[in-house]
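*Asks:* Residue numbers (mature numbering (1 follows the signal peptide of the UniProt record, and there is no 0)): -20 to -1, 1 to 230.
We treat Cβ as the ideally placed atom computed from N, Cα and C, and that holds for glycine.
Shown below is the structure under consideration.
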């Protein structure tokens, strides 16, 4: 998978100001027969008013390599680490209390009789009335072409900046992250929340330049571009209801 013109570099800033390697929020080892790309390492942290994410997949999450079995992974964020707010699925269900769902999808569509692929990210806010991801309020629908300041990739790693400025989004000193791979138990991790002071600089993404209007390199790419920026999905991937117990479509 070719890397974009604009790449992201992550560092974790220590209290002395020296850079150190970021710590993973959660990790997952998929079975050998797992067909769809899944997240195997997720690093999440507050950056200003955003949640910054680095998501490493076991396979190319989008593009020609995954064909019709591209990524459809959902990360849940319990932004105040409280089960009393957010989606209510019952006691003992890991996703109960999640306030945000971040869905990462590799999308294939047909434009001018040719297949086109891109990386799509949907963000939904989950209230206590929601019974599935689809019941949540749509906060953002992003893709790596039109939103390079928030969605980028390098090989099998996806970098995201998720806006957390919604006035109705709960905040706390801790955040709980839940990932429920298909056919496996949910994996959870915790990190410093927006009210912990961690958003002042614990996780940073450094970037420079802009690829939004850059001309393509000579020789073309395996992923055709759409100069108009208008996407018309043939078969859009739908976010999966969490009541089934998975965050991916297996």
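Between residue 140 and residue 113, how many whole angstroms is the CB-CB distance? I'm expecting something under 8 Å.
*Replies:* Not confirmed; about 17 Å, so no contact.
*Asks:* Could you tell me whether the Cβ atoms of residue 82 and residue 55 are closer together than 8 Å?
*Replies:* In this structure, residue 55 lies closer than 8 Å to residue 82 by Cβ.
*Asks:* What would DSSP say about residue 21, mapped onto helix, strand or coil?
*Replies:* Residue state, collapsed to three classes: strand.
*Asks:* Would you check whether the ligand COA has a heavy atom nearer than 7 Å to the C-beta of residue 127?
*Replies:* The ligand COA is absent from the structure shown, which contains no ligand whatsoever.
*Asks:* Residue range of the beta strand (DSSP E) that residue 174 falls in?
*Replies:* Neither: residue 174 is in no beta strand (DSSP E) and is coded neither H nor E.
*Asks:* For residue 23, is the classification buried or exposed, using 16 other Cβ atoms within 10 angstroms of its Cβ as the cut-off for buried?
*Replies:* With 16 or more Cβ atoms within 10 Å of its Cβ, residue 23 is classed as buried.
*Asks:* Just curious, the beta strand (DSSP E) that residue 102 is in, first and last residue?
*Replies:* Start and end: 94 to 105.
*Asks:* Is the beta carbon of residue 119 less than 8 Å from the beta carbon of residue 146?
*Replies:* In this structure, residue 146 lies closer than 8 Å to residue 119 by Cβ.
*Asks:* Note down, in chain order, each residue of its chain lying with its Cβ closer than 7 Å to the Cβ of residue 131, except the 5 sequence neighbours on either side.
*Replies:* 99, 101, 122, 123, 124 and 140, listed in sequence order.
*Asks:* Check each candidate in 38, 4 and 103 and name the one with the smallest Cα separation from residue 135.
*Replies:* For the residues 38, 4 and 103, the minimum Cα distance to residue 135 belongs to 38.
*Asks:* Is residue 143 helix, strand or coil when you go by DSSP?
*Replies:* Reduced to three states, the DSSP call for residue 143 is strand.
*Asks:* Determine the extent of the beta strand (DSSP E) in which residue 129 is found, giving its start and end residues.
*Replies:* No beta strand (DSSP E) contains residue 129, which DSSP labels as neither H nor E.
*Asks:* Using only the alpha-carbon positions, how far apart do residue 79 and residue 68 sit?
*Replies:* The alpha-carbon atoms of residue 79 and residue 68 are separated by roughly 10 Å.
*Asks:* Under the DSSP definition of a beta bridge, which residues are partnered with residue 86?
*Replies:* DSSP lists 99 as partners of residue 86.
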